[in-house]
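Just below is one structure, and these are the notes that go with it.
Chains as they are written, first to last, in the numbering used here: chain V, 653 to 790; chain W, 653 to 790.
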């Protein structure tokens with residue numbers, strides 16, 4: 653057994669800063685909702701919470717992100733990162749897609765996930781993006 | 653002349669925190685742009701700069717707010733305020749509307765301008781809104 657030249661332990665990757673995911677819990681997706689049924693936005697929030705979030709990602713419910721015609725909607729943001737708004741989600745179809753997107757976002761320093769790494773849904777349903785406060789003029 | 657009981661000077665209103673307006677200067681409004689012509693987003697930025705901004709409002713050019721299909725676009729944001737994204741602007745039609753909206757936004761503490769005080773354009777072309785970082789859970 654060689655002990656003279658042990659392989660040095662790899663330097664741990666820097667821990668990315670935490671990410672906040674805001675989910676619109678009042679979204680009706682522009683459609684009528686039967687009485688005594690949670691609105692689609694609340695269903696989405698509950699489904700994500702039930703699934704569990706990636707490390708370093710917190711979730712905050714918000715009353716109306718004003719993207720009603722293209723809901724359900726969420727925002728990904730974090731210190732020093734571009735903020736992204738995405739839409740077109742349902743609790744039934746998109747929990748895994750959202751958590752994948754949130755993880756990829758978390759793993760960047762600036763919030764910019766390469767196009768090839770984005771899911772089809774994220775590519776097609778980006779509502780807008782906003783630069784971090786620290787952005788220099790372009 | 654009565655001098656014994658002079659009316660006290662009114663307490664000056666607190667100065668609102670500064671507001672940043674981000675304008676997408678790469679916006680083509682989803683249309684072809686003739687060569688050697690500034691794109692519509694750049695035209696809008698230049699028109700706003702030429703007009704001059706209200707006190708307490710700064711303007712920052714941004715390369716792509718990812719709201720290309722509903723441009724030209726801008727963002728209003730400020731510490732402690734809701735952030736708003738608006739679209740559908742042109743340099744020819746909307747400079748006054750934008751400056752009016754930016755002023756009303758500046759004059760709030762939280763970024764929430766009453767519906768009745770918003771212009772028709774702002775009412776109909778709100779792309780999304782994002783709560784301030786300080787927002788409590790709802």
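We put the beta carbon where it would ideally sit given N, CA and C, even for glycine.
Shown here, residue 672 of chain V sits in a strand according to DSSP, grouped into three states. Note on geometry: alpha-carbon atoms of residue 767 of chain V and residue 715 of chain W lie some 16 Å from one another. Of all residues in the segment 742-775 of chain V, none has a C-beta nearer than 9 Å to a C-beta of chain W. In this model, residue 733 of chain V and residue 783 of chain V are separated by some 7 Å (Cα to Cα). Looking at the DSSP output, residue 685 of chain V bridges to nothing.
At a cut-off of 8 Å between C-beta atoms, residue 675 of chain V does not count as an interface residue with respect to chain W. For chain V, the residues of the segment 719-731 of chain W that bring a beta carbon within less than 8 Å of one of its beta carbons are 719, 725, 727, 729, in chain order. Each residue's CA atom was taken as its position, placing residue 696 of chain V and residue 725 of chain W some 28 Å apart.
In this structure, residue 737 of chain V and residue 717 of chain V form a Cβ contact; the two beta carbons are roughly 7 Å apart against a cut-off of 8 Å.
Residue 669 of chain V and residue 785 of chain W have their C-alpha atoms some 15 Å from each other. If you ignore the 5 residues before and after residue 710 of chain W, its C-beta comes within less than 6 Å of the C-beta of 672, all in its own chain and listed in chain order.
Here residue 784 of chain V carries a coil assignment [DSSP, helix/strand/coil]. Taking all protein chains shown into account, residue 689 of chain W has fewer than 16 neighbouring C-beta atoms within 10 Å of its C-beta and is therefore exposed. Nearest to residue 731 of chain W by alpha-carbon distance, out of W/764, W/706, W/769, is W/764. If you draw a straight line from the Cα of residue 692 of chain W to the Cα of residue 683 of chain W, it is about 9 Å long.
Listed along the chain, the chain W residues whose CB falls inside 8 Å of the CB of residue 778 of chain V are 718. Per DSSP, the beta bridge partners of residue 709 of chain V are V/671. Between residue 723 of chain W and residue 777 of chain W the beta-carbon gap is near 10 Å, outside 8 Å, which marks them as no contact. For residue 781 of chain W, the neighbours in chain V by C-beta distance under 7 Å run, in chain order, 717, 718.
Note on geometry: alpha-carbon atoms of residue 760 of chain W and residue 685 of chain W lie some 37 Å from one another.
Note on residue 721 of chain V: under 16 other CB atoms within 10 angstroms of its CB, so exposed under the neighbour-count rule. Within the same chain, Cβ atoms closer than 6 Å to the Cβ of residue 677 of chain W are found at 693, 694, 697, 713, the five residues on either side in sequence being excluded. If you draw a 10 Å sphere on the C-beta of residue 775 of chain W, you find fewer than 16 other C-beta atoms in it, and that means exposed.
When only Cα atoms are considered, residue 704 of chain W and residue 762 of chain W end up about 24 Å apart. With distances taken between CA atoms, residue 744 of chain V lies nearest to V/699 out of V/679, V/756, V/719, V/699. The CB of residue 735 of chain V comes closer than 7 Å to the CB of 782 in chain W, given here in chain order. For residue 671 of chain V, no CB of chain W lies under 8 Å from its own CB, so it is not counted at the interface with that chain.
Note: residue 779 of chain W is not bridge-paired with any residue in the DSSP secondary-structure output.
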